[in-house]
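All remarks here apply to the structure that follows.
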Amino acid sequence: MSSLLQSAVGLYPFLEMGLGKGYNFTVMEFHGLVSGGSAKAHALGYPTANIPLTDTGVSGIYAAQVLLDDAVYKAVAFADPERHILEAHLFAFSGILYGKDIRITLVEKIRETAQFADDEQLKEAMHNDTVRAQEILS
């Protein structure tokens, strides 16, 4: 099978979710091995899978899809070009992801990166981002 056809087949679950929903399919896809991070999001109730971010032109919060072991999970993702990291909080997943090879597809940008006065404001923003990502992906 050609690599182009394999890529198209691999995108099918993502495309199927957006048919008829008016999504703009400018696909931004990243893959890598999950590594540890600062654990700040986890401490706020939003554990993330962290992979290297190789495109420093990508930043902000996104509704996302994560491919893990042939299963697709809905997620909210944070692209941080300053730390060269892409973090994804997977919905309906519990388990250990360290060392796993995952693929994160950024579906739609929710907002730009912002600074918050304290952890409570950050936690509220993370909650709002999660709700918005779930709406986009439903």
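Numbering (this note's numbering), first residue to last: 710 to 847.
The C-beta atom is built at its ideal place from N, Cα and C for all residues, glycine as well.
Is there contact between the segment 742-757 and the segment 801-811, where contact requires at least three CB pairs shorter than 8 Å? Using a Cβ-Cβ distance cut-off of 8 Å, the segment 742-757 and the segment 801-811 are in contact, since at least three pairs of beta carbons, one from each stretch, lie closer than that value.
Assign S711 to one of two classes, buried (16 or more other C-beta atoms within 10 Å of its C-beta) or exposed (fewer than that). As a position in the sequence shown, residue 711 is number 2, starting the count at 1. Residue placement at S711 is flagged as unreliable, the pLDDT there being 40, under the threshold of 50; the coordinate-derived value follows with that caveat. S711 should be labelled exposed.
Just to check my reading of the structure: A861 and V816 have Cβ atoms closer than 8 Å, yes? What is that Cβ distance to the nearest angstrom? Here the chain covers residues 710 to 847 and nothing more, so residue 861 does not appear.
Thinking just about the alpha-carbon of each residue, which of E829, A780, Q843, V767 is nearest to the one in T822? By one-based count along the sequence shown, residue 822 stands at place 113. Closest option to T822, Cα to Cα, is V767.
Unbroken beta strand (DSSP E) runs of length 3 or more, entirely within the segment 799-834: which are they? You should have 810-820.
Beta-carbon spacing of A786, I813 below 7 Å: Locating residue 786 in the sequence shown gives position 77, where the first residue counts as 1. Locating residue 813 in the sequence shown gives position 104, where the first residue counts as 1. Going by C-beta atoms, A786 is nearer than 7 Å to I813.
What does the alpha-carbon distance come out to for the pair I805 and H793? For the purposes of this step, residue 805 is identified with residue 96 of the sequence shown, where counting begins at 1. For the purposes of this step, residue 793 is identified with residue 84 of the sequence shown, where counting begins at 1. Those two C-alpha atoms are separated by around 22 Å.
Helix, strand or coil: how does DSSP classify A773 here? Looking up residue 773 in the sequence shown gives position 64. Three-state result, A773: strand.
For E791, is the classification buried or exposed, using 16 other Cβ atoms within 10 angstroms of its Cβ as the cut-off for buried? Within the sequence shown, the letter at position 82 stands for residue 791. Exposed.
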